[in-house]
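Chemist:
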Amino acid sequence: MEHKHIYDENGKQLCCTPQEGKIYKDAGAKKLVEEDVCCAPKKKKEQHQHSDDDGHDHGETDKTAFQMFLPAIISLLLLLTGIALDNYIKPEWFKDWVRIVWYGVAYLPVGLPVLKEAFESIKQGDVFSEFFLMSIATIGAFIIGEFPEGVAVMLFYAVGEVFQTLAVSRAKTNIKALLDQRPDEVTIIENNQPKKIKAAEAKIGDIIQLKSGEKLALDGELISDSASFNTAALTGESKPDSKNKGETVLAGMINMNSVALVKVNTAYEDSKLSKILELVQNATAQKAPTELFIRKFARIYTPIVVALAVLICIVPYFFVDDYVFRDWLYRALIFLVISCPCALVISIPLGYFGGIGAASRNGILFKGSNFLDKIAEIQNVVMDKTGTMTEGVFKVQDVTIKEGFDKDEILQLVNVVESKSTHPVATAVHEFVGEINNSINLEDTEEIAGHGLKARANGKEILVGNFKLLDKFKIGYDVDPSKIVYTVIAIAYDGKFAGFITIADRIKDDAKQAVEKLHSLNVKATMLSGDKTTVVKYVAEQIGIDNAFGDLLPEDKVNKVKEIKARNESVAFVGDGVNDAPVVALSDVGIAMGGLGSDATIETADVVIQDDKPSKIPMAINIGKKTKRIVWQNIILAFVVKAIVLVLGAGGLATMWEAVFADVGVALIAILNAVRIQRMKF
Numbered sequence: 027m028e029h030k031h032i033y034d035e036n037g038k039q040l041c042c043t044p045q046e047g048k049i050y051k052d053a054g055a056k057k058l059v060e061e062d063v064c065c066a067p068k069k070k071k072e073q074h075q076h077s078d079d080d081g082h083d084h085g086e087t088d089k090t091a092f093q094m095f096l097p098a099i100i101s102l103l104l105l106l107t108g109i110a111l112d113n114y115i116k117p118e119w120f121k122d123w124v125r126i127v128w129y130g131v132a133y134l135p136v137g138l139p140v141l142k143e144a145f146e147s148i149k150q151g152d153v154f155s156e157f158f159l160m161s162i163a164t165i166g167a168f169i170i171g172e173f174p175e176g177v178a179v180m181l182f183y184a185v186g187e188v189f190q191t192l193a194v195s196r197a198k199t200n201i202k203a204l205l206d207q208r209p210d211e212v213t214i215i216e217n218n219q220p221k222k223i224k225a226a227e228a229k230i231g232d233i234i235q236l237k238s239g240e241k242l243a244l245d246g247e248l249i250s251d252s253a254s255f256n257t258a259a260l261t262g263e264s265k266p267d268s269k270n271k272g273e274t275v276l277a278g279m280i281n282m283n284s285v286a287l288v289k290v291n292t293a294y295e296d297s298k299l300s301k302i303l304e305l306v307q308n309a310t311a312q313k314a315p316t317e318l319f320i321r322k323f324a325r326i327y328t329p330i331v332v333a334l335a336v337l338i339c340i341v342p343y344f345f346v347d348d349y350v351f352r353d354w355l356y357r358a359l360i361f362l363v364i365s366c367p368c369a370l371v372i373s374i375p376l377g378y379f380g381g382i383g384a385a386s387r388n389g390i391l392f393k394g395s396n397f398l399d400k401i402a403e404i405q406n407v408v409m410d411k412t413g414t415m416t417e418g419v420f421k422v423q424d425v426t427i428k429e430g431f432d433k434d435e436i437l438q439l440v441n442v443v444e445s446k447s448t449h450p451v452a453t454a455v456h457e458f459v460g461e462i463n464n465s466i467n468l469e470d471t472e473e474i475a476g477h478g479l480k481a482r483a484n485g486k487e488i489l490v491g492n493f494k495l496l497d498k499f500k501i502g503y504d505v506d507p508s509k510i511v512y513t514v515i516a517i518a519y520d521g522k523f524a525g526f527i528t529i530a531d532r533i534k535d536d537a538k539q540a541v542e543k544l545h546s547l548n549v550k551a552t553m554l555s556g557d558k559t560t561v562v563k564y565v566a567e568q569i570g571i572d573n574a575f576g577d578l579l580p581e582d583k584v585n586k587v588k589e590i591k592a593r594n595e596s597v598a599f600v601g602d603g604v605n606d607a608p609v610v611a612l613s614d615v616g617i618a619m620g621g622l623g624s625d626a627t628i629e630t631a632d633v634v635i636q637d638d639k640p641s642k643i644p645m646a647i648n649i650g651k652k653t654k655r656i657v658w659q660n661i662i663l664a665f666v667v668k669a670i671v672l673v674l675g676a677g678g679l680a681t682m683w684e685a686v687f688a689d690v691g692v693a694l695i696a697i698l699n700a701v702r703i704q705r706m707k708f
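Per my numbering, the sequence shown starts with residue 27, numbered consecutively.
(1) I401 to G556, Cα distance in whole Å?
(2) Please state if the CB of C366 and the CB of M160 are separated by a distance shorter than 8 Å.
(3) With distances taken between CB atoms, is the gap from Y183 to A225 smaller than 8 Å?
(4) Tell me the start and end of each unbroken alpha helix (DSSP H) in the segment 654 to 700 that is at least 4 residues and wholly inside, in chain order.
(5) Mapping the DSSP letters down to three states, classify T412 as helix, strand or coil.
(6) For D689, count the other beta carbons within 10 Å of its own beta carbon; 16 or more makes it buried, fewer makes it exposed. Which is it?
(7) Per the contact definition of three or more C-beta pairs closer than 8 Å, is the segment 276 to 292 in contact with the segment 229 to 240?
(8) What alpha helix (DSSP H) runs, 4 residues minimum, are completely inside the segment 334 to 421?
(9) Is T461 helix, strand or coil when you go by DSSP?
(10) Looking at the unbroken alpha helix (DSSP H) that takes in V212, where does it start and where does it end?
(11) Is it true that the CB of T414 sits closer than 8 Å to the CB of I587?
(12) For N406, is the classification buried or exposed, using 16 other Cβ atoms within 10 angstroms of its Cβ as the cut-off for buried?
(13) Within its chain, find whatever has a CB closer than 8 Å to the CB of K652; leave out the 5 residues flanking it on each side and keep chain order.
(14) What's the gap between the Cα of S254 and the Cα of K271?
(15) Considering just the uninterrupted stretch of the alpha helix (DSSP H) at C533, what are its terminal residues?
(16) Grab me the residues of V177's own chain with a C-beta within less than 6 Å of its C-beta, minus the 5 sequence neighbours each way, in chain order.
(17) Assign H84 to buried or exposed, taking buried as 16 or more other Cβ atoms, counted over all protein chains shown, within 10 Å of its Cβ.
(18) Where do the ends of the beta strand (DSSP E) carrying S254 lie?
(19) Using a Cβ-Cβ cutoff of less than 7 Å, which residues in the same chain neighbour I462 once the five nearest sequence positions on both sides are dropped?
(20) Return the Cβ separation of V179 and V686 in integer angstroms, given the expectation that the two are a contact with Cβ distance under 8 Å.
(21) Tell me whether M279 sits in a helix, a strand or coil according to DSSP, three-state version.
(22) So for L40, helix, strand or coil by DSSP?
(23) Which residues in the same chain have their Cβ closer than 6 Å to the Cβ of P450, if we skip the five residues on either side of it in sequence?
(24) Mind checking whether R482 and L496 have CB atoms under 8 Å apart?
(25) Going by other Cβ atoms of all chains shown within 10 Å of its Cβ, with 16 needed for buried, is V341 buried or exposed?
(26) Please classify R705: does DSSP put it in a helix, a strand, or coil?
(27) DSSP puts L579 in a beta bridge; with which residues?
(28) So what does DSSP say about S546, is it helix, strand or coil?
(29) I'd like to know whether the C-beta atoms of A540 and S641 end up nearer to each other than 8 Å.
(30) Count Cβ pairs between the segment 492 to 508 and the segment 565 to 573 that sit closer than 8 Å; are there 3 or more?
(31) What beta strand (DSSP E) runs, 3 residues minimum, are completely inside the segment 585 to 620?
(32) Quick one: Cα of A676 to Cα of V701, how far?
(33) Apart from the five residues just before and just after D122, which ones in its own chain have a Cβ nearer than 6 Å to its Cβ?
(34) With a 10 Å radius around its C-beta and 16 neighbouring C-beta atoms as the bar for buried, classify D78 as buried or exposed.
(35) Smallest Cα separation from Q438: which of G478, N464, Q423?
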């Protein structure tokens, strides 16, 4: 099966399913990905090849680390034996063609794969690949009689390749774990009998039987009385989550106790987990500017260095009196080995990939490495209040009914009127008052946007909403709304002020800690909300937010964010990603809180925090900062070491051994530095 991937100018894959393997296009490591998921799912062990534009074949392999190192071990033993025969034992027979054959055999296990890759790269039109550079340098070493050095260069290069492969595989573990979260089969109840079917064949309305320890494959509604689930696959935390009958349960959750029954309400391909997997699979297709620059730089840099190597070999002939071709060719070969861009083209994508993996492990999903870069530079975090810094679950705090009105009657009327609304406040009223009195007949019910509800009951007009609603209908009242710190439901009945109900939303446990950490990162916090100003100010004071604004419409939020951007400061907006779409579009980074609660958040936000915790906001910024720091450490290390050894090599002061360190050594140091991020605590 031959297949050619197509990419746009930003490196984003336009066909199949984009996957992280593309990042390593010029990495110089064959079979970096042990399991290729770049196309449609395959059965285990099924082999396939791609004529991808990197010239690599990404077939599956079951090789152990020992098997991967075996060619290098064979070459090393033959090389060490050859060096011993050359310098210590010195037998008569070890010379001329015997010596050439010995080192040739030592070269083949590590050299043949590279020569093959060089040939394949040239066929693909990529002449100046690192395979080509290493092939020229080592063959050149053989031509001038430096057999041990030729073998050593290729040997260390091959060892570096294996370490790169292992490092990439390790970096992928966190993300690949997500790809294995969805079961292939489910047990459904059909005619009162359990029946196993393919998960993809389950239909909306099917009843899934989930035994203790089993993982749910599709989103659904719990129809058992209660159940406890491990949500680690979705949130990164294994803390049990108890669900009651009628509540939503999601694909990837693991049943922790007795058998549970779940009614499927979402198609297999539309489940929350499917959307998360798609997000993860696409994440590494979105390249950071640094990453794109390095890829473009390598394409220009390598041909220039090859040209310089040719000039180093030839030009001195015209200016040096005691010119010896062999000496200058040796210098040119050293120059070529040093010029290999391996350290840059593998360690930089690996650093970003490690950052995405570390974030995924903590329940934070980045839609691309470019957002790791952006979030690292954020100066302002602008956040919504309800559902972001507060639980979004309202509860009635107090009921004040004026004299002359029957408290129970008014509450029953309010309960019936609020039943026509889907606002969380209506739910709070219903939970407080209880069952709706169906004997009350409402007429002419009207919702007045931004104010509340108006209706007629028992032939009298009733108004339920904010105090602006009462102002609109010229209803007088004897309280000062600005003195009430909670959300207020004002009530008017038969043209008179009847009283009010106060409702409060609980602040999340880690909200204050999140703001403190933002301040420690020199990030300013601003709260924008449509809730009343007194409530917003109160919440802001409790958790230490710098600036807070209430009574805002969506367009007001946009204007506030524009004011911040007008100061040339970067902004991340944290909200639900749906109601605040205009602000999300305007911000530099859109962060969705409670990614499990809304499909649209996953689709619209740049970063999704899956477990709804505000403390993950500074954690995401911190991951971005540390990832960027590691990437730049690698860039500086590679350039400085290569520049020093290039100059020494051109001047004849560096040997092939220094060249090997400048290439493979620096690459390995950069890789080890890049994978550090996966062990960090944030």
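A virtual CB, placed ideally from N, CA and C, is assigned to each residue, including glycine.
Modeler: The short version:
(1) 26 Å
(2) Taking 8 Å as the cut-off, the beta carbon of M160 is found closer than this to the beta carbon of C366.
(3) No, the Cβ-Cβ distance between Y183 and A225 is not below 8 Å.
(4) 682 to 686
(5) Residue state, collapsed to three classes: coil.
(6) buried
(7) yes
(8) 351 to 365, 368 to 387, 395 to 402
(9) Reading off the sequence shown, one finds Glu at residue 461, where the question assumed Thr. E461: coil per DSSP, three-state reduction.
(10) Here V212 belongs to no alpha helix (DSSP H); instead the beta strand (DSSP E) covers 211 to 216.
(11) Looking at the sequence provided, one finds Val at residue 587 rather than Ile. No, these two residues do not count as a Cβ contact at 8 Å.
(12) buried
(13) Sequence-distant Cβ neighbours of K652 in its own chain, meaning closer than 8 Å and more than five residues away, are G381, I703, M706, F708.
(14) Each residue's alpha carbon lies about 11 Å from the other.
(15) Going by the sequence as given, residue 533 is Ile instead of Cys. Here I533 belongs to no alpha helix (DSSP H); instead the beta strand (DSSP E) covers 522 to 533.
(16) Excluding the 5 residues flanking it on each side, V177 has same chain C-beta neighbours closer than 6 Å at L105, Y129, A132, Y133, in chain order.
(17) Here the model assigns H84 a pLDDT of 32, short of 50, so the residue's position is not dependable, and the following value carries that caveat. Its Cβ being crowded by 16 or more others within 10 Å, H84 is buried.
(18) 252 to 256
(19) N441, V442, S445
(20) 6 Å
(21) coil
(22) Model confidence at L40 stands at a pLDDT of 48, short of 50, so the residue's coordinates are unreliable; what they give is reported in the following sentence. L40 falls in the coil class under three-state DSSP.
(23) F420
(24) no
(25) Exposed, by the Cβ-count rule.
(26) Looking at R705 - three-state DSSP - the assignment turns out to be helix.
(27) Note: L579 sits in no beta bridge, so no partner.
(28) helix
(29) yes
(30) no
(31) 597 to 601, 615 to 619
(32) Distance between the alpha carbons of A676 and V701 is about 33 Å.
(33) Result list for D122: empty, nothing under 6 Å.
(34) Its pLDDT being 34, under 50, D78 is placed unreliably in this model, and the value from its coordinates should be taken loosely. Its Cβ being crowded by 16 or more others within 10 Å, D78 is buried.
(35) N464
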